[in-house]
RNA sequence: UGUCCGAUAGUGUAACUGGCAACACGUCUGACUCUGGAUCAGAAGACUCUAGGUUCGAGCCCUAGUCGGACAACCA
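In the working numbering, the protein residues as written are 2 to 570.
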């Protein structure tokens, strides 16, 4: 199950990042250390795409006996918040990774970063620019046309030092001046056209408060933060590929020795079918109430998946299966669903539940008779043991398990037909009681074969189907939330002629209904997982109050109906 | 019409230093089952983007194309 194990056992098949690391190790780079980091900006909740990055970075550290830091890339105070810091830490921990106390913040390095900037100014490689944001943007040119140099590009070192110091002191208005690296306004790489290093922002920072009014940009902070922390392999997503020359340029300005230098390596971010992944869109879904928050079980956020019933193991397994490469990809969401089924099959105890009840009366069973039957908790785990189930004359079965006029390969109950009640008796349907006015089926009458109780000598008589059931008098009501994919199309982002992703929201993505569960269900703890026979995997929701049990559906079992329909053609 | 990156079954990912294109998910068959789930057995599915070249031999190396993506925030 662990990504680490599988990486070890298949030492032959390395992803390209492992190949780079192993080569670095062979060449004795960086004193043969491997040190990675997971560097989220605390401006939103983590989603399954971040999980890929977390598993990758922490996994690499584990595999190569290295370390992985948790670093908050908090260089833009206007977007960031402590709430996000807390949720990110909780999610990483929940996923099963440990940063062993190495919880760092780019904001911890503001003073050091400032000194680096001063050093670069002294070398004549940075200058204070007085242009407006609009003017800078206009002067940058286009990818095919070179930009114009700023009029202040050739200020003296002394003047730049003075101005930069006064920027820090708060003498200038927000947006009036920036510190820029003096690189090449004609570079074919837009990021090398005198990129911004510092901007003036009179904003309250969630950690440094009002100490600073100038903040470094991502480009000026990231590589240096990596350097300060001794990161060897700075793994990030593909969109930063064009930033790499700049990453290296800044490092070259501040590092003289050549024995250690962090290296940026890019990989393709995760895309999932039937899912949107961009933080902007997820935020929009939350704000416009299309979902009930970041942790809505339909969301691809880690907290949403958790409430949906996903386990950390299943997500790590998934991250391992999808691999790492540089080409754009859209992973089939079926692989995610396979991952949770794989895990839950082994560990989720089985329970009986009826979501859409139909009353079934066993006419030859004593009216006030009850008995208790033994039921296996998990056929795939002997240690899970067994429990006792009450049985009586009046039962509930699932409406779908009965058909008055069944198609050819229908293996469940129909008039004149036999079926086994799981853990109980074989029954035969004798009669269907209907409402005369509406024709609606009210209840069905059956007779049972007393010799066929599970475990009895005669019980191994074969019948085509087995259905689940609950004693009407001994079951309790519970609320079920049935989840389906949030989007009804494979690629909601590929907007076709004027449509956008919101037009593809699946109105059936959440169905709330009441049903019955075994009476013994009162000690369910939040987020406990169950497989309800033939209904799928469910997890007890933390919102559930003591007198009403609420279950969230994780993934359904494959739809039996689709098969029946196909077979009966 | 700039720079950088990418291209291998439906979807992903492999193929050590050139040597029979493999694995997983999905799909389809069948078997088994006290859930039609799970499990087990099997099948289909790839001119490795194109065209040249190097080589005894190319998915891999070279050249030229094609297609796709990223880049013009004082976001990360």
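Even glycine gets a Cβ: it sits at the ideal position worked out from N, Cα and C. Just so it is clear, the structure is predicted and the values come from calculations on it, not from any experiment.
Excluding the 5 residues flanking residue i on each side, which residues of the same chain have their C-beta closer than 6 angstroms to its C-beta?
i, result
"residue 6", "Per-residue confidence for residue 6 stands at a pLDDT of 34, beneath the threshold of 50, marking its modelled position as unreliable; the derived number appears in the next sentence. Counting only Cβ-Cβ distances below 6 angstroms, and skipping sequence neighbours, we find nothing."
"residue 131", "153 and 178"
"residue 215", "168, 169, 199 and 201"
"residue 374", "390, 392, 424 and 425"
"residue 377", "387"
"residue 311", "341"
"residue 465", "412"
Can you tell me the Cα-Cα spacing of residue i and residue j, whole angstroms?
i, j, result
"residue 249", "residue 192", "12 angstroms"
"residue 288", "residue 294", "8 angstroms"
"residue 360", "residue 472", "10 angstroms"
"residue 563", "residue 510", "19 angstroms"
"residue 450", "residue 340", "41 angstroms"
"residue 306", "residue 231", "33 angstroms"
"residue 28", "residue 90", "35 angstroms"
"residue 331", "residue 87", "30 angstroms"
"residue 380", "residue 304", "30 angstroms"
"residue 1", "residue 348", "With the chain covering only 2 through 570, there is no way to say anything about residue 1."
"residue 319", "residue 136", "47 angstroms"
"residue 285", "residue 535", "35 angstroms"
"residue 402", "residue 431", "15 angstroms"
"residue 9", "residue 65", "With a pLDDT of only 35 at residue 9, under the threshold of 50, the placement of this residue in the model should not be trusted; the figure read from the coordinates follows. Taking the straight line from one Cα to the other gives about 10 angstroms."
"residue 480", "residue 308", "15 angstroms"
"residue 296", "residue 45", "12 angstroms"
"residue 302", "residue 47", "6 angstroms"
"residue 113", "residue 40", "18 angstroms"
"residue 190", "residue 144", "7 angstroms"
Please classify residue i: does DSSP put it in a helix, a strand, or coil?
i, result
"residue 4", "Residue placement at residue 4 is poorly supported in this model, since its pLDDT is 35, which falls under 50; the coordinates still yield a value, given next. Helix at residue 4."
"residue 453", "helix"
"residue 95", "helix"
"residue 431", "strand"
"residue 23", "helix"
"residue 334", "helix"
"residue 316", "helix"
"residue 50", "helix"
"residue 179", "strand"
"residue 28", "coil"
"residue 173", "coil"
"residue 352", "strand"
"residue 117", "helix"
"residue 251", "helix"
"residue 553", "strand"
"residue 205", "coil"
"residue 156", "coil"
"residue 112", "helix"
Return the chain-ordered list of same chain residues with a C-beta closer than 8 angstroms to the C-beta of residue i, the five sequence neighbours on each side being excluded.
i, result
"residue 367", "394"
"residue 1", "Absent from the structure is residue 1, since the part of the chain shown begins at 2 and ends at 570."
"residue 118", "127, 165, 180, 198, 199, 217 and 221"
"residue 67", "34, 35, 36, 37, 61 and 233"
"residue 266", "18, 21, 234, 235, 236 and 237"
Could you say which of the options lies nearest to residue i if we only look at CA atoms?
i, options, result
"residue 486", "61, 337 and 247", "337"
"residue 326", "360, 372, 271 and 374", "271"
"residue 157", "31, 172, 122 and 190", "122"
"residue 364", "484, 448 and 202", "448"
"residue 370", "357, 396, 208 and 381", "396"
"residue 208", "14, 81, 513 and 354", "81"
"residue 115", "358, 104 and 162", "162"
"residue 83", "108, 453 and 520", "108"
"residue 228", "186, 255 and 382", "255"
"residue 468", "422, 148 and 495", "422"
"residue 571", "98, 400, 176 and 196", "Since the displayed the chain opens at 2 and closes at 570, residue 571 lies outside it and no answer follows."
"residue 223", "499, 146 and 241", "241"
"residue 554", "519, 483, 95 and 407", "483"
"residue 503", "292, 73 and 353", "292"
"residue 120", "55, 252, 155 and 190", "252"
"residue 72", "113, 102 and 52", "102"
"residue 15", "52, 57, 400 and 43", "57"
Would you say the beta carbon of residue i comes nearer than 8 angstroms to a heavy atom of the ligand MG?
i, result
"residue 530", "In terms of ligand content, the structure shown is empty, and the ligand MG therefore cannot be addressed."
Taking 7 angstroms as the limit between beta carbons, can you name the residues of its chain near residue i, skipping five residues before and five after?
i, result
"residue 525", "541 and 550"
"residue 489", "505 and 507"
"residue 436", "443"
"residue 261", "31"
Which runs of the alpha helix (DSSP H) at least 4 residues long sit entirely within the segment 215 to 249? Give them in chain order.
219 to 230
At what residue ranges does the segment 469 to 550 contain a whole run of the beta strand (DSSP E), taking only runs of 3 or more?
470 to 472, 476 to 484, 511 to 519, 530 to 533 and 537 to 541
Could you tell me which uninterrupted alpha helix (DSSP H) segments, each at least 4 residues in length, are contained entirely in the segment 66 to 110, listed from first to last along the chain?
83 to 95
Whole beta strand (DSSP E) elements within the segment 375 to 453, 3-residue minimum
387 to 393, 395 to 399, 419 to 422, 427 to 435 and 442 to 450
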